[in-house]
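For what it's worth, this note's numbering labels the leading residue of the sequence shown as 1103, then goes sequentially.
Every residue, glycine too, gets a C-beta built ideally from N, C-alpha and C.
The next block holds one structure in the form of structure tokens; read it before the comments.
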Amino acid sequence: MKTLHSIFKHICLPIFFILFFTFCHKNTECQGKVEDVNWKPLPNKGVYLIDIYKNKETATLITQTDSNGKFYFSAKTKNSHSYAVTFDRPNFAYYRLKEGESHNLSIFLPN
């Protein structure tokens, strides 16, 4: 009996935790274009990812728009958290993301 308990404790339990935490994360992709109200691309704008569950005030710079105002990122997200994307204003959420999905955004920012 002690051997079975030992096998479970040292082999099965770590495998369970590895599988559990592997399936708790999903890959969320987002791409799009940032333009002003006159349809002019906005280059070098920061693209931020906000983990709303953690702290609404915390945003992580994940990428920047290129010279054509386009951006792309892929991030590992947790199933139990909510995420939003913001552009050039770290504490203002523009678009809420669904975990594990691909998003295509067109964003218009004031000049």
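>> So, with DSSP's three-state summary, where would you put residue 1105?
In response: Residue state, collapsed to three classes: helix.
>> Output needed for residue 1131: all residues of its chain with C-beta closer than 6 Å, excluding positions within five of it in sequence on either side, in chain order.
In response: Counting only Cβ-Cβ distances below 6 Å, and skipping sequence neighbours, we find 1176, 1204.
>> Let me confirm a value: residue 1139 is counted as buried when at least 16 other C-beta atoms fall within 10 Å, else exposed. Which label applies?
In response: With a threshold of 16 other beta carbon atoms within 10 Å, residue 1139 falls short and is exposed.
> Among 1142, 1128, 1152, which has the Cα closest to the Cα of residue 1189?
Replying inline: The option with the nearest alpha carbon to residue 1189 is 1152.
> If you compare alpha carbons, which of 1181, 1141, 1174 is closest to residue 1163?
Replying inline: Comparing Cα-Cα distances from residue 1163 to each of 1181, 1141, 1174, the minimum goes to 1174.
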